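Numbering (the numbering used here), first residue to last: 12 to 276. Beta carbons: idealized from backbone N, C-alpha and C, even for Gly. Predicted, not measured: the structure shown is a model, and the values here were computed from it.
Here's what the structure looks like:
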């Protein structure tokens, strides 16, 4: 299996279980593969700060894909390899929609999370992201910043309606990272395009890349990989987009069992 030189791993629903815990077996096999010169790249919607607890457990260095491809950061020295952010026009359009539909958006700029008011959804998201938000009095206060991602987390009907409406825009892309999470990112930002950047950056062919994930935001990554792997816990629609599906879910060490079988470790 020496033809594979890079493994791109989604985190939530893939690498960690539903309690956000990575197993000792998974840690060990990733470190073993890394020591055998197979690059392990975490590929996530999280900001870089959201990777630090995982990186402290893994002996990983090199590029990591954050913000669903919106930013690639070298974890060795913090160098930004590539980044994309919303235009001011896009930002104001999204904020206008949020205001008229009574949605409190979670706004990300680099490793900082901004919100305008607290509610049950922002409280829950703070627990999930493990990042304390910065409260602002007006969305205009952020108009000078580079906004890398905006997230809507609300009642499911409101999220479905927002996706239907906002997907008509030519200024940004929208997708669900979870059924009730609507991610809004710069146009053409996705994990697949980030993988393309890394192909050039690391001088790797598509055939040398494995990608593993469970969500809608992983499909673009599947299409840019020689071997694409969906998790057993993924939806049938996601599974159809991959080369193969794991025999176990994220709660059953699916990544570990798949890699152990593939690399005969």
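| Asked | Found |
| --- | --- |
| Between the CA atoms of residue 203 and residue 267 - distance to the nearest angstrom | 23 Å |
| The region 29-41 / the region 175-186 touching (three or more Cβ pairs under 8 Å) | no |
| Buried or exposed (CB count within 10 angstroms, at least 16 for buried), residue 254 | exposed |
| Given residue 313 as reference, the closest of 38, 66, 18 once Cα atoms are compared | An answer regarding residue 313 cannot be provided, because it is not within the stretch 12 to 276 covered by the chain. |
| Identity of the residues DSSP links to residue 82 by a beta bridge | 77, 94 |
| Assigned exposure category for residue 54 - 16 Cβ within 10 Å defines buried | buried |
| 7 Å Cβ shell around residue 329 - same chain, five flanking residues per side excluded | Residue coverage of the chain in this structure runs from 12 to 276, which leaves residue 329 outside it and unanswerable. |
| Helix, strand or coil at residue 12 [DSSP, three-state] | Caution applies to residue 12, whose pLDDT of 48 falls short of 50 and renders its modelled position unreliable; the model cannot decide the point. |
| Beta-carbon proximity list for residue 167, same chain, < 6 Å, skipping 5 on both sides | 191 |
| Limits of the unbroken beta strand (DSSP E) element including residue 139 | From DSSP, residue 139 is part of no beta strand (DSSP E) but of the alpha helix (DSSP H) over 131-140. |
| Spatial distance of residue 14 from residue 227 (CA atoms) | 27 Å |
| Element boundaries [beta strand (DSSP E), containing residue 247] | Premise fails: residue 247 lies in the alpha helix (DSSP H), 247-250, not in any beta strand (DSSP E). |
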